[in-house]
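Trainee:
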């Protein structure tokens, strides 16, 4: 198990911290001002990575045509979503309408979000 407190105490260069966190503790230390207060120790990688941003830091926009960024990620956006568009998802090519599966209102996304 690892904690951000270990980084604060100067263990950021330690072998145990580096191997336990997969190299992500140092990045997180630099970005932690964006996160809600951490409650360590973390019991798993999932427990570490699902921490929330501070309230109000990443508001989701209500405006049509504005895309929010709720996570640290690479975003890919298209003005119009129509088949036969293929989206690259984890090494596969998926079409957007199929991705929505049996979502009752999936047709409202055809042609774009607005």
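Numbering (the working numbering), first residue to last: -17 to 96.
Built from N, CA and C at the ideal position, the CB exists for glycine as well.
#1: Would you call the CB atoms of residue 50 and residue 41 closer than 9 Å?
#2: Helix, strand or coil: which one does DSSP assign to residue 36?
#3: Quick check: residue 76 and residue 68, are their CB atoms within less than 9 Å of each other?
#4: Report yes if the C-beta distance between residue 79 and residue 90 is below 9 Å; otherwise report no.
#5: Excluding the 5 residues flanking residue 17 on each side, which residues of the same chain have their C-beta closer than 8 Å to its C-beta?
#6: Ignore the nearest five residues each way along the sequence and tell me which others in residue 58's own chain have a CB closer than 8 Å to its CB.
#7: In whole angstroms, what separates the C-alpha of residue 74 from that of residue 54?
#8: Go to residue 78, then tell me how far its beta strand (DSSP E) extends in each direction, as first and last residue.
Mentor: With the structure as the only source:
#1: Here residue 50 refers to the residue found at position 68 of the chain shown. Here residue 41 refers to the residue found at position 59 of the chain shown. Yes, the pair counts as a contact, with Cβ atoms nearer than the cut-off.
#2: Counted from its first residue, the chain shown places residue 36 at position 54. Reduced to three states, the DSSP call for residue 36 is coil.
#3: The count along the chain shown starts at 1 and reaches residue 76 at position 94. The count along the chain shown starts at 1 and reaches residue 68 at position 86. Against a cut-off of 9 Å, the Cβ pair of residue 68 and residue 76 comes out as a contact.
#4: Position 97 of the chain shown holds residue 79. Position 108 of the chain shown holds residue 90. In this structure, residue 79 lies away from residue 90, with their beta-carbon atoms at least 9 Å apart.
#5: Residue 17 sits at position 35 when you count from the first residue of the chain shown. Counting only Cβ-Cβ distances below 8 Å, and skipping sequence neighbours, we find 10, 33, 34, 35 and 36.
#6: The sequence position of residue 58 within the chain shown is 76, counting from 1. If the five residues before and after residue 58 are omitted, its C-beta is found closer than 8 Å to the C-beta atoms of 69 and 70, all from its own chain and listed in chain order.
#7: To locate residue 74, count along the chain shown from 1; it is residue 92. To locate residue 54, count along the chain shown from 1; it is residue 72. Their Cα atoms are separated by approximately 21 Å.
#8: Indexing the chain shown from 1 puts residue 78 at position 96. Not the beta strand (DSSP E): residue 78 falls in the alpha helix (DSSP H), residues 78 to 81.
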